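Colleague:
If you want it as structure tokens, here you go:
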């Protein structure tokens, strides 16, 4: 099955914004952003295996393997040049995809947006085994609305748990290559009420690009991408 979902086809678009979801999320979480952005930007969301309309497929729990597949699929796409937008875990996935997209200058990726995620060099494993259902449930109870809803509904949890466990396992086992950088410009975005990953933490992404770098702050908590504000849309539109 295809890796990409387009909610609003825009054949005249000048930019393709390829969006990567946070842990446990699917392509559908970017529908609202697709509806809010200017027609010159076509949003294409990546659907990882093991969720939503790909739930019959085995999820991938290795971030390098996932980035390899996405980069291969993205390279084969025709159309306008891609920019990447990754939120939380998706920011790290986006970074690794951009590194794999013909790593040269200028980059075929026009810009990398990273939001609500510490820089790769600052990633530290928690030591938790997210394949343990009790550990996974404990994490979900403190996460966003979707995860809390899933953990309280046995049927929904049965559907959501495998992909969530895979995502958190890939995050837990990820190790950035020392000195890893991309050649495209990077825009880092923090939520004003995201106390675990504010502007100061997002500033540290600057060390991971040899292109331009900017950092922005928008209103919202860690999951501000779920309800994209005018401010977030302006940041994206002005940057591409």
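Numbering (the numbering used here), first residue to last: 631 to 870. Where is the CB? At the ideal position from N, CA and C, for every residue including glycine. Remember, predicted model here, so these are calculated numbers, not experimental data.
So what does DSSP say about residue 838, is it helix, strand or coil?
Modeller: For the purposes of this step, residue 838 is taken as residue 208 along the chain shown, with counting starting at 1. Note: residue 838 maps to helix in three-state DSSP.
Colleague: Using three-state DSSP, classify residue 737 as helix, strand or coil.
Modeller: For this step, residue 737 is matched to residue 107 along the chain shown. If DSSP states are grouped into helix, strand and coil, residue 737 belongs with coil.
Colleague: Report the rounded CA-to-CA distance for residue 668 versus residue 747, giving the unit in angstroms.
Modeller: Locating residue 668 in the chain shown gives position 38, counting from the first residue. Locating residue 747 in the chain shown gives position 117, counting from the first residue. Each residue's Cα considered, the two are about 26 Å apart.
Colleague: What is the rounded straight-line gap between the Cα of residue 680 and the Cα of residue 864?
Modeller: Numbered from 1 along the chain shown, position 50 holds the residue referred to as residue 680. Numbered from 1 along the chain shown, position 234 holds the residue referred to as residue 864. Using only the alpha carbons, I get a separation of about 32 Å.
Colleague: Return the chain-ordered ranges of every beta strand (DSSP E) run that is complete within the stretch 771-797 and spans a minimum of 3 residues.
Modeller: Entirely contained in the stretch 771-797, not one beta strand (DSSP E) run reaches 3 residues.
Colleague: Could you check the C-alpha separation between residue 811 and residue 737 for me, to the nearest Å?
Modeller: Translated into positions along the chain shown, residue 811 becomes position 181. Translated into positions along the chain shown, residue 737 becomes position 107. So the alpha carbons of these two residues sit roughly 12 Å apart.
Colleague: Residues in the same chain with beta-carbon distance under 7 Å from residue 795, minus the five sequence neighbours each way, listed in chain order, please.
Modeller: Locating residue 795 in the chain shown gives position 165, where the first residue counts as 1. Answer for residue 795: 760, 761, 766, listed in chain order.
Colleague: Would you mind sorting residue 819 into buried or exposed? The rule is 16 or more other CB atoms within 10 Å of its CB.
Modeller: On the chain shown, residue 819 is found 189 positions in, with the first residue counted as 1. The residue is buried, with at least 16 neighbouring Cβ atoms inside 10 Å.
Colleague: Could you check which residue in 742, 683, 678, 804 has the C-alpha nearest to that of residue 689?
Modeller: For the purposes of this step, residue 689 is identified with residue 59 of the chain shown, where counting begins at 1. It is 678.
Colleague: Assuming residue 690 is part of the alpha helix (DSSP H), what are its boundary residues?
Modeller: Taking the chain shown and counting its residues from 1, the one referred to as residue 690 is at position 60. Neither: residue 690 is in no alpha helix (DSSP H) and is coded neither H nor E.
Colleague: Flag this pair as yes or no: are the beta carbons of residue 763 and residue 791 separated by less than 8 Å?
Modeller: Translated into the one-based positions of the chain shown, residue 763 becomes position 133. Translated into the one-based positions of the chain shown, residue 791 becomes position 161. Their beta carbons are under 8 Å apart, which means residue 763 touches residue 791 by this criterion.
Colleague: Among 633, 744, 692, 696, which one has its Cα closest to the Cα of residue 834?
Modeller: Working through the chain shown from its first residue, we reach residue 834 at position 204. Minimum Cα distance to residue 834 is reached at 744.
Colleague: Can you give the Cα-Cα distance for residue 852 and residue 723, rounded to whole angstroms?
Modeller: Numbered from 1 along the chain shown, position 222 holds the residue referred to as residue 852. Numbered from 1 along the chain shown, position 93 holds the residue referred to as residue 723. The straight-line gap from Cα to Cα measures roughly 17 Å.
Colleague: For the stretch 697-711 and the stretch 636-648, state whether three or more C-beta atom pairs, one from each stretch, are separated by less than 8 Å.
Modeller: Yes, the stretch 697-711 touches the stretch 636-648.
Colleague: Which of helix, strand or coil does DSSP assign to residue 859?
Modeller: Residue mapping note: residue 859 aligns to position 229 of the chain shown, counting from 1. Of the three classes helix, strand and coil, the one that applies to residue 859 here is coil, per DSSP.
Colleague: Since residue 849 and residue 830 are thought to touch, with beta carbons under 8 Å apart, how far apart are those beta carbons, to the nearest angstrom?
Modeller: Looking up residue 849 in the chain shown gives position 219. Looking up residue 830 in the chain shown gives position 200. No, residue 849 and residue 830 are not in contact; Cβ-Cβ is about 17 Å, not under 8 Å.
Colleague: Who pairs with residue 635 in a beta bridge, going by DSSP?
Modeller: Here residue 635 corresponds to residue number 5 of the chain shown, with the count starting at 1. Looking at the DSSP assignment, residue 635 forms a beta bridge with 675.
Colleague: Could you spell out where the beta strand (DSSP E) holding residue 846 opens and where it closes?
Modeller: Within the chain shown, numbered from 1, the residue matching residue 846 stands at position 216. Taken as a continuous stretch (DSSP letters only), the beta strand (DSSP E) holding residue 846 covers 843-848.
Colleague: On a CA-only basis, which of 750, 784, 867 is nearest residue 809? Give me that one, please.
Modeller: Counted from its first residue, the chain shown places residue 809 at position 179. Nearest C-alpha to residue 809: 750.
Colleague: Determine the burial state of residue 784: buried for a count of at least 16 other Cβ atoms within 10 Å of its Cβ, exposed for fewer.
Modeller: Start at 1 with the first residue of the chain shown, and residue 784 comes out as number 154. With fewer than 16 Cβ atoms within 10 Å of its Cβ, residue 784 is classed as exposed.
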